[in-house]
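Down below is the structure, laid out as structure tokens.
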Amino acid sequence: MIPPDDPAQDPWPEDPTPPAPPAEDRFLDEHAGPMVRPYVMTSGRIEPTRGKFDLITLVVAVGPEPEGTIGLGPEHLAIIRLCQNVMSVAELTGHLDLPVATIRVMLGDLLDKGFVSMQEPEPEADMHDIRLYKAVIDGLRAL
Amino acid sequence: MVSGPSRREVRARRLPTAVKIVIAGGFGVGKTTMVGTVSETQPLRTEELLTDVGVGVDDISGVERKDSTTVAMDFGRITMRNEYVLYLFGTPGQKRFWFMWDEVALGALGAVVLADTRRLSDCFPSVDYFERRQTPFVVAVNCFEGAKRYDLGEIQMALNLGPKVPVMLCDARKIDSCKQVLIDLVLHAMKVRGLVDAPAPQQV
């Protein structure tokens, strides 16, 4: 792993530290963080039971959002709802505002239970399919 | 692909394949603008990727730790007519974020390094990274108003780029300009990966 740069040497910090809020404003409402911590949603698990779930792995729900919650949390159901259209793992994290690791664990659960199916992206070794490049160029031209 | 019972497999087979292109460069160079210009959906933002370097879930869950370990990344999507979906990831360019680049760059079709002639050195880490990783990339100089115009050859020299790395001007706010950069990148990636036995497609 590359050692991080000395932040003092970085003239263009991506996230300039905002001025500290007055003491009485701290940790109220959304500043206090989510009511339910991500590790609670995943029962403390940090690895999905199945699948690697790259950021651009595509996921789609196999059926409509189930009526009764059969061992599924509200976030699982939210994923099924979003995945009525094909959606990437990255998009799910963006829409649900959850860490990607949390999404991965929940997707593993949904895959296990058969609620979603997925398509992993082409591994780097398979970037030699000329059809892929042509399709992308055509797609870009059509923008 | 992970298979399931037959009904699901039928559905799974119709899923498109996702491809990604990385938009890199220094802070404020126009990465977010470029992603937004070409994305068909409202660009989304994810604010962490820390677990991928072994930080526990508890650590990233804590909003108490709003420090340099939190990092935002923008991404947009373009659905291709056929069986592909293209994702664009705008990644922060500083070297201290390299840990997250590895995941984003893995399997990427290629990368666009956005440059600003007023702060050209900001794109050095991105150029370094993609050179080292052998990811095909192009350098697109975002033409900011008021910035001095340089000759592309001068920029190529200033960045110490090999003659094979395409350098071009662009305007990240204009879709036609962004389109052209991305098309040039794909053509360059084909060349780098030795796929140009077929005649190169015509420019738009």
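Chains as they are written, first to last, in this note's numbering: chain A, 600 to 742; chain B, -12 to 191. Glycine residues also receive a C-beta, built at the ideal position from the N, C-alpha and C atoms. Quick caveat, the model's predicted, so the values are computed rather than measured.
Quick check on DSSP: helix, strand or coil for residue i?
| i | result |
| --- | --- |
| B/Val50 | With a pLDDT of only 39 at B/Val50, under the threshold of 50, the placement of this residue in the model should not be trusted; the figure read from the coordinates follows. In this structure, B/Val50 counts as helix in the three-state DSSP scheme. |
| A/Val659 | strand |
| A/Met726 | coil |
| A/Met717 | strand |
| A/Lys651 | coil |
| B/Lys7 | strand |
| B/Arg64 | strand |
| B/Val40 | Reliability of the predicted coordinates at B/Val40 is poor, the pLDDT of 41 falling under 50, and the value obtained from them is presented with this limitation in mind. B/Val40: helix per DSSP, three-state reduction. |
| A/Ser687 | strand |
| B/Arg(-6) | Only weak support exists for where B/Arg(-6) lies, its pLDDT of 46 falling under 50; the value from the coordinates is given anyway. Correct three-state label for B/Arg(-6): helix. |
| B/Ala127 | strand |
| B/Ala185 | Confidence is the limiting factor: at B/Ala185 the pLDDT is only 49, short of 50, which leaves the residue's position unreliable and the question unanswerable from this model. |
| B/Thr19 | helix |
| B/Phe14 | coil |
| A/Thr701 | helix |
| B/Ala95 | coil |
| B/Arg120 | helix |
| A/Arg644 | coil |
| B/Met177 | helix |
| A/Ala734 | helix |
| B/Thr33 | strand |
| B/Asp45 | The pLDDT assigned to B/Asp45 is 37, lower than 50, so where the model puts this residue is not dependable, and the model offers no usable value. |
| A/Leu706 | helix |
| A/Ala677 | helix |
| B/Leu73 | strand |
| B/Leu2 | coil |
Is the distance from the Cβ of residue i to the Cβ of residue j below 9 Å?
| i | j | result |
| --- | --- | --- |
| B/Tyr74 | A/Gly738 | no |
| A/Pro720 | B/Thr33 | no |
| B/Gly88 | B/Thr78 | Residue identity differs from the one stated: residue 88 of chain B is Trp in this sequence, not Gly. Cβ atoms of B/Trp88 and B/Thr78: closer than 9 Å. |
| B/Asp109 | B/Ala102 | yes |
| A/Ala689 | B/Phe76 | yes |
| B/Ile162 | B/Thr24 | yes |
| A/Asp708 | A/Thr648 | yes |
| B/Ala127 | B/Val168 | yes |
| A/Met717 | B/Leu2 | yes |
| B/Leu202 | B/Val114 | With chain B covering -12 to 191 only, the question about residue 202 of chain B has no answer from this structure. |
| A/Ile702 | A/Ile679 | no |
| B/Phe124 | B/His175 | yes |
| B/Ile142 | B/Val154 | yes |
| A/Gly713 | A/Val661 | yes |
| B/Val173 | A/Ile736 | yes |
| B/Arg92 | B/Arg120 | The question names Arg, but residue 92 of chain B is Ala in the sequence shown. A contact, by the Cβ cut-off of 9 Å. |
| B/Leu182 | A/Ile729 | yes |
| A/Gln683 | A/Glu664 | yes |
| A/Pro722 | B/Gly94 | yes |
Residue i and residue j look like a contact to me (Cβ under 8 Å); what is the Cβ gap, rounded to whole Å?
| i | j | result |
| --- | --- | --- |
| B/Cys130 | B/Leu156 | 6 Å |
| B/Pro30 | B/Asp61 | 5 Å |
| B/Val6 | B/Leu96 | 5 Å |
| B/Met67 | A/Ala734 | 5 Å |
| A/Leu706 | B/Glu90 | Not really, about 16 Å apart at Cβ, beyond 8 Å. |
| A/Leu749 | A/Gly650 | Here chain A covers residues 600 to 742 and nothing more, so residue 749 of chain A does not appear. |
| A/Ile645 | A/Val704 | 7 Å |
Does the beta-carbon of residue i, which I'm using as the reference point, lie nearer than 8 Å to any heavy atom of the ligand GDP?
| i | result |
| --- | --- |
| A/Ala677 | Annotation note on the ligand GDP: not contained in the displayed structure, which lists no ligands. |
(request) Would you check if the region 9 to 16 of chain B and the region 680 to 700 of chain A touch, i.e. whether three or more CB-CB distances between them fall below 8 Å? (result) no
(request) Kindly provide the ranges of any alpha helix (DSSP H) runs that are 4 or more residues long and lie completely inside the region 133 to 168 of chain B, ordered along the chain. (result) 139 to 145
(request) Answer yes if the region 659 to 676 of chain A comes into contact with the region 16 to 23 of chain B, meaning at least three C-beta pairs across the two stretches below 8 Å, and no otherwise. (result) As far as the Cβ criterion goes, the region 16 to 23 of chain B does not touch the region 659 to 676 of chain A, which means the pair count is below three.
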